[in-house]
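Working notes for the structure below.
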Amino acid sequence: MNIIAIANQKGGVGKTTITINLGAALAEADLRILLVDLDPQGHLTEGLGLSEPEGDETLAAALLGRTSLPVDMLTVSHECGVDIIPASLGLFLTERDLVHLRGREYRLMRVFEPLEDRYDYTLIDCPPTLGQLTDNALVAARKALVPIQPEDTSLRALEMLLDQIHSIRDGLGLTVDIVGLVVNQADDTLVARRTLETLTKAVPVPILASIRRRVRLKEAWAAGKPVTMTEPTGDTAEAFRGLAQAIMQQRKEVTA
Ligand SMILES: Nc1ncnc2c1ncn2[C@@H]1O[C@H](COP(=O)(O)OP(=O)(O)OP(=O)(O)O)[C@@H](O)[C@H]1O
Ligand SMILES: [Mg+2]
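The sequence shown begins at 15 in my numbering and counts up one residue at a time.
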């Protein structure tokens, strides 16, 4: 299974927006897609118009070993063609409770094991922290896609994420690759261009797509749908299709 963590501990950079719309664009290409809302804020769940599960039928309970429900019982489907494992309020406590558990970084990886090759891509929407949940996402995925905004503070955020990836390598002996950056709320200003140049010099990973600031992304979110459904012929939907192509191309290169 091809798993990608959409990660950046900097808040509000577009992790959830990119997870939803990249997932929908990959589903349009007839791929089997699972989206995982690993953020206690539950924004991905909300942005696809879904309600949060309660009781033990949650990802939170599965991570803590408090349910024997198979993982496929945790998924729900969306009309855009993706399956979702929604968040629940309990994920707030999971972050705290995982600290005390043996094999805490491998919990999500274990939850995914029964899914094997049921999906072509699993995208994990990470919370804006570098805590237990993000560690679990990076360990399960071993690949990160990093949304950034072209501003000064992005470099520091990227350096912190790299530090975390290095600590996973040193502590657990696992490599995590940054597969690329997605520039979100991109402006075509001189300052933005210079910032991006500095950033890609410091962290040499490819920019896979640039998504412009578009109010239609907020409108799609409010409608509980990806922009590929609400405005299928617009430039934003096209930008996400381009990102989907770049992700699929990387996979071809790896398997070739
Ligand atoms: N390209 C864009 N154009 C316009 N609005 C955008 C764009 N990308 C994201 N937004 C809006 O910006 C806000 C933050 O985006 P989003 O929730 O995707 O970021 P995030 O990184 O997941 O945030 P958090 O760190 O809180 O999880 C949302 O209201 C979203 O609708
Ligand atoms: Mg988010």
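From the three backbone atoms N, C-alpha and C, an ideal C-beta is built for every residue, glycine too. Computed from a predicted structure; not experimentally measured.
>> Considering just the uninterrupted stretch of the alpha helix (DSSP H) at Lys157, what are its terminal residues?
In response: No alpha helix (DSSP H) holds Lys157; the beta strand (DSSP E) holding it covers Lys157 to Ile162.
>> Check whether the segment 84–102 and the segment 238–250 are in contact - that is, three or more C-beta pairs closer than 8 Å.
In response: Verdict: yes, contact present.
> Nearest to Leu103 by alpha carbon, out of Ile17, Arg132 and Glu60?
Replying inline: Looking from the CA of Leu103, the closest CA among Ile17, Arg132 and Glu60 belongs to Glu60.
> Looking at C-alpha atoms only, which residue of Val85, Leu204, Leu231 and Ala236 is the closest neighbour of Glu252?
Replying inline: Closest in C-alpha terms to Glu252, from the list Val85, Leu204, Leu231 and Ala236, comes Leu231.
> Looking only at DSSP bridge pairs, what is Tyr133 linked to?
Replying inline: None; Tyr133 has no bridge partner.
>> Run through the DSSP bridge pairs and tell me what Leu88 is partnered with.
In response: Answer by DSSP bridge pairing: none, since Leu88 is not bridged.
>> If you reduce the DSSP assignment to three classes, tell me which class Asp1 lands in.
In response: Shown here, the chain extends from 15 to 270; a query on residue 1 therefore has no answer.
>> Quick test of the definition: if touching needs 3 or more C-beta pairs under 8 Å, does the segment 40–50 touch the segment 174–183?
In response: The segment 174–183 and the segment 40–50 do not touch, with fewer than three beta-carbon pairs separated by less than 8 Å.
> Do Pro54 and Glu109 have their C-beta atoms within less than 8 Å of each other?
Replying inline: Their beta carbons are under 8 Å apart, which means Pro54 touches Glu109 by this criterion.
> Alpha carbon to alpha carbon, what distance is there between Tyr135 and Lys157?
Replying inline: Pairing Lys157 with Tyr135, the inter-Cα distance amounts to about 12 Å.
> What's the call for Asp149, buried or exposed, on a 16-neighbour Cβ count within 10 Å?
Replying inline: So Asp149 counts as buried.
> From Pro220 to Glu245, what does the alpha carbon distance come to, in whole angstroms?
Replying inline: So the two alpha carbons sit approximately 28 Å from each other.
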